[in-house]
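Shown next, in structure tokens, is the structure this report addresses.
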Amino acid sequence: MMTDLYRNLIDGDMVTTAAMIDVINPANEQVVGQVPACTADELDRAVAAARRAFKTWSKTPVEERRAVIRAMAGAIDANFEELYRLLTTEQGKPHMQAQFEIGASSAMMNAQSTLSLEDVINEDSEERLSRTRRVPVGVVGGIVPWNFPLLMAVQKIAPAILSGCTIVLKPSPFTPLTTLRFAELIKDLVPAGVVNIITGEDSLGPLITAHPDIDKITFTGSTATGKKIMEGASKDLKRITLELGGNDASIVLPDADVKKVAEQLFWSSFTNAGQICVAAKRIYIHEDIYDELSAAIADVARTVTVGDGANQGTGVGPIQNKKQFDRVCELIEDARTNGYKFLVGGNVDPSGSGYYVPITILDNPPEDARIVAEEQFGPVMPLMKFSTEEEVIARANNSDYGLAGAVWTSNPDRGVAIAEQLETGTVWINEFLHLSPFAPFGGHKQSGFGAEYGVEGLKEFTYSQVITVKRNAFA
Ligand code: NAD
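First residue of the sequence shown? That's 1100 in the working numbering, and the numbers climb one at a time after it.
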């Protein structure tokens, strides 16, 4: 099998290192590419380039910055097929879902390129004029996970450089290929040093967080790593935006249309093999419709094929990496040991290659079961029964996480009334996983710090500066 060598983008050049990291296709455990293993030296070079570029980029008219972002989005569109196929090869998701991610990546860049940070007049009186403007923070360090590698990368790159910052971005060592191919495609579209993309082991992350010449960290990943980043950033008070884990609850009220919601509930949990921060990870169904709806969800599950994402007809691909595969298997094993009832699946086949977990649905496990209390990040969904709204709201909120949630009902007002009592940054009524590039996306509690997307997200790459002019001072 051919192994492609990928390079990093530093200061406008595609470069490499002597040491390389193997990238594995999770569908068959074969090495599909090698990427540079950067250390502090390459990081220093990238940060120095970003710092130099910041001088002119921060003064470049915003319309020019928008045009560069749109050009990068155009490069994604022009190479759509190559990129989605590569994404499936390294990440595992089925082709259709990879197409969605690649399409969403260029759409995200185009949408974010339209955002503006307007000056605000605080006071305009005879005595003085006071105005708030936004100024870019400087050099940004971006750190990205393995579930949506390109989308997470560009949703950091676009607002960073729109604001006038420059960026050094580190993909996950598990899924760097699509992002490095993107780096190659944009190399000549963006001035040298404005966007730098470097790869390395997890150990490169803390070096980024600690780097004295990086002004801000924007991170998506686990809550555990988010805490380390916050700690590291505290040393020199770097600005931080953290998008972390979730244990999102879906609540199905007794007036929901069972036939219509079954398929949607299924995909709210199993898209990307459950490896989505905002996937439904606990589904609470009212007792009046529990039996009917759980049977309907199980029927949907039986129609979906688990397999290599590159094969036509695959609905659920492999888990992205061995570590996560082991964790999901451990949660299934815990459910078995405790005697919880499996409605679907539950038997992992250890023979063969690839990190495949069968679609697994648990029938009403207790609230303190690990599969309910922890973020599974895999294709295992617990269905639970509830009796009253008060009870289900308390159960949904009984979590250190607070990322997103959903309510399913034929009465949207009732759904909104429940949504307003949920302790999460996003709540959907009768849909799921929809994130708007114009609405702030961020977690409550231990699901995050700050927000991405929209004007609120853009602001996080800036400081406010208030300029006050005393009128008639020397009159
Ligand atoms: P992770 O935290 O292990 O890794 C994320 C990134 O951080 C990788 O690039 C990794 O190399 C880097 N990293 C690892 N240790 C580091 C350290 N000490 N300092 C700095 N960087 C470090 O997360 P993951 O396993 O790649 O992703 C899965 C997690 O991400 C899940 O918990 C999921 O819920 C969360 N997630 C959240 C969102 C969101 O927007 N809230 C989106 C996707 C994934």
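Beta carbons: idealized from backbone N, C-alpha and C, even for Gly.
Helix, strand or coil at residue i according to DSSP, with G and I counted as helix
{"i": "residue 1536", "result": "coil"}
{"i": "residue 1100", "result": "The predicted position of residue 1100 is uncertain, since its pLDDT is 46 and thus under 50; a value taken from the coordinates is nonetheless stated next. In the structure shown, residue 1100 sits in coil (DSSP, three-state: anything other than H, G, I, E or B)."}
{"i": "residue 1419", "result": "coil"}
{"i": "residue 1560", "result": "coil"}
{"i": "residue 1349", "result": "strand"}
{"i": "residue 1228", "result": "strand"}
{"i": "residue 1293", "result": "coil"}
{"i": "residue 1188", "result": "helix"}
{"i": "residue 1338", "result": "strand"}
{"i": "residue 1118", "result": "coil"}
{"i": "residue 1110", "result": "coil"}
{"i": "residue 1178", "result": "coil"}
{"i": "residue 1549", "result": "coil"}
{"i": "residue 1313", "result": "coil"}
{"i": "residue 1573", "result": "coil"}
{"i": "residue 1523", "result": "coil"}
{"i": "residue 1133", "result": "strand"}
{"i": "residue 1424", "result": "helix"}
{"i": "residue 1375", "result": "coil"}
{"i": "residue 1355", "result": "coil"}
{"i": "residue 1575", "result": "In the structure displayed, the chain extends from 1100 to 1574; residue 1575 sits before or after that span and is not available."}
{"i": "residue 1322", "result": "helix"}
{"i": "residue 1510", "result": "coil"}
{"i": "residue 1576", "result": "Because residue 1576 is not part of the residues shown, which for the chain are 1100 to 1574, the question remains open."}
{"i": "residue 1554", "result": "helix"}
{"i": "residue 1567", "result": "strand"}
{"i": "residue 1139", "result": "helix"}
{"i": "residue 1503", "result": "strand"}
{"i": "residue 1597", "result": "The structure shown does not extend to residue 1597, since the chain spans only 1100 to 1574, so no value can be given for it."}
{"i": "residue 1286", "result": "coil"}
CB contact flag (residue i, residue j, <8 Å)
{"i": "residue 1382", "j": "residue 1482", "result": "yes"}
{"i": "residue 1256", "j": "residue 1268", "result": "yes"}
{"i": "residue 1107", "j": "residue 1266", "result": "no"}
{"i": "residue 1307", "j": "residue 1142", "result": "yes"}
{"i": "residue 1348", "j": "residue 1541", "result": "no"}
{"i": "residue 1373", "j": "residue 1465", "result": "no"}
{"i": "residue 1440", "j": "residue 1467", "result": "no"}
{"i": "residue 1082", "j": "residue 1118", "result": "Residue 1082 is absent from the model: the chain starts at 1100 and stops at 1574."}
{"i": "residue 1258", "j": "residue 1557", "result": "yes"}
{"i": "residue 1242", "j": "residue 1320", "result": "yes"}
{"i": "residue 1240", "j": "residue 1194", "result": "no"}
{"i": "residue 1564", "j": "residue 1234", "result": "yes"}
{"i": "residue 1537", "j": "residue 1524", "result": "no"}
{"i": "residue 1510", "j": "residue 1354", "result": "yes"}
{"i": "residue 1546", "j": "residue 1343", "result": "yes"}
{"i": "residue 1519", "j": "residue 1501", "result": "no"}
{"i": "residue 1357", "j": "residue 1392", "result": "yes"}
{"i": "residue 1289", "j": "residue 1167", "result": "yes"}
{"i": "residue 1111", "j": "residue 1291", "result": "yes"}
{"i": "residue 1345", "j": "residue 1474", "result": "yes"}
{"i": "residue 1130", "j": "residue 1120", "result": "no"}
{"i": "residue 1575", "j": "residue 1352", "result": "There is no way to answer for residue 1575, as the model of the chain reaches only from 1100 to 1574."}
{"i": "residue 1445", "j": "residue 1459", "result": "yes"}
{"i": "residue 1191", "j": "residue 1408", "result": "yes"}
{"i": "residue 1127", "j": "residue 1486", "result": "no"}
{"i": "residue 1312", "j": "residue 1272", "result": "no"}
{"i": "residue 1456", "j": "residue 1418", "result": "yes"}
{"i": "residue 1420", "j": "residue 1245", "result": "yes"}
{"i": "residue 1367", "j": "residue 1199", "result": "no"}
Minimum Cβ-Cβ distance from residue i to chain B less than 8 Å
{"i": "residue 1554", "result": "Absent here is chain B; the protein component of the structure consists of one chain."}
Any 3 or more C-beta pairs closer than 8 Å across the stretch 1178-1193 and the stretch 1239-1250 = yes
4-residue-minimum alpha helix (DSSP H) runs that sit fully inside the stretch 1437-1488, ordered along the chain = 1469-1472
inquiry  = Contact between the stretch 1163-1181 and the stretch 1274-1289 is defined here as three or more beta-carbon pairs at a separation below 8 Å; is this criterion met?
reply    = yes
request  = Entirely within the stretch 1381-1415 and at least 3 residues each: give me those beta strand (DSSP E) ranges in chain order.
outcome  = 1381-1385, 1413-1415
message = Using a Cβ distance threshold of 8 Å, determine whether the stretch 1206-1219 contacts the stretch 1431-1439, with at least three qualifying pairs required.
response = no
inquiry  = Check whether the stretch 1421-1428 and the stretch 1395-1402 touch, using three or more Cβ-Cβ pairs below 8 Å as the test.
reply    = no
inquiry  = If contact is defined by three or more beta carbon pairs under 8 Å, each pair taking one atom from either stretch, is the stretch 1468-1475 in contact with the stretch 1325-1338?
reply    = no
key: Residue ranges of each alpha helix (DSSP H) within the stretch 1219-1275, 4 or longer   = 1248-1262
inquiry  = Under 8 Å, with one C-beta from each stretch per pair, do the stretch 1174-1181 and the stretch 1152-1166 reach the 3-pair mark?
reply    = no
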